[in-house]
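Written below as structure tokens is the structure these notes are about.
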Amino acid sequence: MDPVNLTFFNAPVLRLAKKMLGQLLIHELADRTLVGRIVETEAYRGPDDEAAHSFQNRRTKRTEIMYDKPGLAYTYQMHTHTLLNIVAGPIDKPHAVLIRAVEPIYGLEEMYRFRGGHIKHKTELTNGPGKLTQAFQIKMKYYGHPMTNAPLYIAEGRPSEKIESSPRVGVRNTGEAANYQWRYYEKGNPYVSRFR
DNA sequence: TTTAAGATGCCC
DNA sequence: GGCATCTTAAAC
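Residues 1 to 196, numbered by the numbering used here, are exactly what the first sequence covers, in order.
Structure representation (structure tokens):
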């Protein structure tokens, strides 16, 4: 499967967050390729978004990558988990899309193994931003990796037909931004994370 | 140098 | 509801 073109990511962040629903997340491991279909995303829109790490153009070692080219991976550590974002356009605007859930397509046996022995149902493999990075073995080493290049990339999938939106998860203490409907997900898909 | 908080997930 | 566990950033 071929990666999407770099221009795919050069879009305003809200539009990109919706466009990414239905696209494929692919990680080529030494002995197996893992594939998932993106079913839930969130947009974080830099300077004017209090919930974003780059709020008020805050520029640190962590947020630096968001000021770089669209299509680069912004990985960061949240408690015991790594979360995966993709930088959106335009360049110099610190915008990014968080991948919150995917539907597992290929490599489920590996995903079960990477997730540990406590998974009862396959919907629990990848229905959360920390779960999917664990299932897909996406680590901090991918910080700055172009998501158009093997071994970790986005490929064209079947676009989502029914998209719903909601407030973002876990950002309740961020003033007005807590109300923005910038979480997008495929309606009725069982792999979408539960809202908290 | 120290400390507190966090775009989470698992267990009790 | 508690807690693991680690990076970042702000306080001291």
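Cβ coordinates follow ideal geometry from the N, Cα and C atoms, glycine included. Small disclaimer: the values here were computed from a predicted structure and weren't measured.
As computed with DSSP, Leu98 is found in a beta bridge with Glu42 and Asn85. Residue environment analysis places Lys19 among the buried positions, since at least 16 neighbouring C-beta atoms fall within 10 angstroms of its C-beta. DSSP places Glu164 in the uninterrupted beta strand (DSSP E) bounded by Ile163 to Ser166.
Per the Cβ contact rule, the segment 115–131 is not in contact with the segment 154–168 (fewer than 3 Cβ pairs under 8 Å).
The beta carbons of Gly130 and Ala101 sit about 11 Å from each other, so the pair does not count as a contact at 8 Å. Runs of the beta strand (DSSP E) spanning 3 or more residues and lying entirely within the segment 115–171 occur at 152–155 and 163–166, in chain order. Nearest Cα to Gln137 within the set Ala96, Met1 and Leu25: Leu25. Setting aside the 5 residues that flank it on each side, Ile105 is surrounded in the same chain by Leu24, Val35, Gly36 and Arg37, each with a C-beta closer than 8 Å to its C-beta; the list follows chain order.
When beta bridges are read from the DSSP output, Leu24 appears opposite Arg37 and Ala155. Around the CB of Gln181, fewer than 16 other CB atoms lie within 10 Å, so the residue is classed as exposed. Taking a cut-off of 8 Å for Cβ pairs, the segment 53–60 and the segment 6–20 do not touch, as fewer than three such pairs fall below it. For Pro104, the beta-bridge partners assigned by DSSP are Gly36.
By DSSP's assignment, Thr75 forms a beta bridge with Leu84.
Within 10 angstroms of the beta-carbon of Lys187 lie fewer than 16 other beta-carbons, which makes it exposed. Bridge pairing for Glu186: Ile163 [DSSP]. Here DSSP, grouped into helix, strand and coil, assigns Pro3 to strand.
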